[in-house]
Amino acid sequence: MSASLFSSAPLNPGYGFSLFPALFLFTVFLCVPHLAYSACGKPPIIFNFGDSNSDTGGIVAGLGIPVRLPNGRTFFGRSTGRLCDGRLVIDFLCQSLNTSLLNPYLESLGSSFSNGANFAIAGSATLPKRVPFALNIQVMQFMHFKDRSAELAATGANHLIGYDRFGDALYMIDIGQNDLADSFAKGLSYVQVVKKIPSVLAEIKNAVKNIYERGGRKFWVHNTGPLGCLPQKLALAKNISHDLDSFGCISSYNDVAKLFNEGLRQISVELRSEMEDATIVYVDMYTIKLDLIANSTKYGFSSPLMACCGSGGPPYNYERGISCGFPGYQVCDQSSQSVSWDGVHYTQAANALIASKILSTDYSTPPVMFDFFCQ
Ligand SMILES: *[C@@H]1O[C@H](CO)[C@@H](O)[C@H](O)[C@H]1NC(C)=O
Ligand SMILES: *[C@@H]1O[C@H](CO)[C@@H](O)[C@H](O)[C@H]1NC(C)=O
Ligand SMILES: *[C@@H]1O[C@H](CO)[C@@H](O)[C@H](O)[C@H]1NC(C)=O
């Protein structure tokens, strides 16, 4: 299992790790021996809610929006609907438990949901509510999934998640980035975007409570990454020359992300006291991702603010309308050396490193192991 966690693609003949990143990844692996095998006592069940950061194909299944190669080129050798050259963070987390990669809830052909379901859809936000596929819609889909599982089980269907297993499933949430990004994209000022944060946080809190009321007890909440370091934002945001920090990221965007995260951390504290028999793990993705960008050379990456797949060349390789997979795009040879895949999403190589940091528990509050829920 550990070998496959960090293996390069057997399917893509044009792809190869250079010696340095290969050695580097090997070193990472040695530092985190608990990746080596599944430590689950019972079969792990995971339900995931979110946006493109954890969408394993829902956008294609649910909306028919094509995600084309070179997405998927590094690991799957075909497009799976993931906005990445290979695996996402959630894929590595699943692999660390030796469980199958999560199927999108809306993928009706060839899917198995015996280890959970992925409700995340690219582009999703918490607000506005009641539109596909806002967080509250994803949670309602989960409720339907649970009710339907019970109905079918009563008729003798198998390969379903038993009613008693929803309590020890893990409920993962990674959302909020689009709420913040969409607000900036609409031209709202820093102050206006900050004012929107409490209503976004209220939606996330509500989602956790609704899942709790349906029996969920184990939650894993990712905070949001440094929005102002995404090549897309750097390329498209206007008048940012006075607003760049020492890493070259947009300060106001990152400040909003940090305020959001502080609020999310606070909500996790509130939820822990309101739901005493629940475990809510808050994971600091921001610190993990900023470290990757700020110290990119140390980790074997270069040009952390430049998309591997995009158009326009340096400094960001991102242009509106010619994004990755669309006519006119250009793609780097070695995505193993890039942090950013397409200007918004991270490469598989970055995701592997991010996942290994998550699994270290150093960024988690409380610092429990990722496999705590399946003991
Ligand atoms: C991982 O899962 C596979 C297939 O389900 C199984 O054959 C293998 O023994 C498992 N490995 C570990 C270390 O649990
Ligand atoms: C650009 O940003 C600077 C500094 O934040 C500000 O003083 C200036 O008014 C802005 N210009 C435009 C055209 O928005
Ligand atoms: C970069 O790495 C150093 C040394 O590990 C660390 O102290 C620092 O916090 C990192 N920078 C960021 C922005 O994470």
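Under mature numbering (1 follows the signal peptide of the UniProt record, and there is no 0), the residues of the sequence shown are numbered -38 to -1, 1 to 337, in order. Using N, Cα and C, we set each Cβ at its ideal position, and we do this for glycine too.
The beta carbon of GLN228 sits closer than 6 Å to no other beta carbon from its chain once the five residues preceding and following it are set aside.
Looking only at ALA119, SER76, ILE242, the smallest Cα-Cα distance to PRO6 is reached by SER76. With respect to the C-alpha of LEU89, the residue from TYR325, PHE11, CYS294, LEU163 having the closest C-alpha is LEU163.
With respect to the C-alpha of VAL51, the residue from ILE320, GLN299, LEU97 having the closest C-alpha is ILE320. Here the distance from the Cβ of ALA312 to the nearest heavy atom of ligand 3 is not below 7 Å.
For VAL93, the secondary structure class from DSSP, reduced to helix, strand or coil, is coil.
The nearest non-hydrogen atom of ligand 3 is 7 Å or more from the C-beta of ASN185.
If you draw a straight line from the Cα of ILE137 to the Cα of ALA131, it comes to about 19 Å. When C-beta atoms of the stretch 38 to 51 are compared with those of the stretch 191 to 207, fewer than three pairs fall below 8 Å, so the two segments do not count as touching.
When C-alpha distances from TYR125 are compared across HIS106, TYR278, MET134, the shortest belongs to HIS106.
Here DSSP, grouped into helix, strand and coil, assigns TYR280 to coil. In the DSSP annotation of this structure, the continuous segment of the alpha helix (DSSP H) that includes LYS157 starts and ends at 152 to 175.
For PRO66, the secondary structure class from DSSP, reduced to helix, strand or coil, is strand. Fully contained in the stretch 262 to 328 are the following alpha helix (DSSP H) runs of length 4 or more, in chain order: 310 to 321. Taking 7 Å as the cut-off, the C-beta of ALA256 counts as close to a heavy atom of ligand 3.
Contact check between the stretch 304 to 313 and the stretch 282 to 296: three or more CB pairs, one atom from each, fall below 8 Å, which counts as touching.
Of the heavy atoms belonging to ligand 3, at least one sits nearer than 7 Å to the Cβ of LEU252.
Assignment of HIS184 by DSSP, reduced to helix, strand and coil, places it in the strand class. Cα atoms of SER265 and SER235: separation of roughly 43 Å, rounded to the nearest angstrom.
Cβ atoms of GLY262 and GLN299 come within 8 Å of each other, at about 7 Å. Apart from sequence neighbours up to five positions away, the residues of its chain that approach GLY187 with a beta-carbon distance below 6 Å are MET247, TYR248, LYS251, ordered along the chain. Note on geometry: alpha-carbon atoms of VAL183 and PHE222 lie some 13 Å from one another. The C-beta of GLN154 has fewer than 16 other C-beta atoms within 10 Å across all chains shown, which makes the residue exposed.
Under the three-state reduction of DSSP, ASN77 is assigned to coil, being neither helix nor strand. Going by DSSP, THR249 is part of the alpha helix (DSSP H) stretching over 247 to 256.
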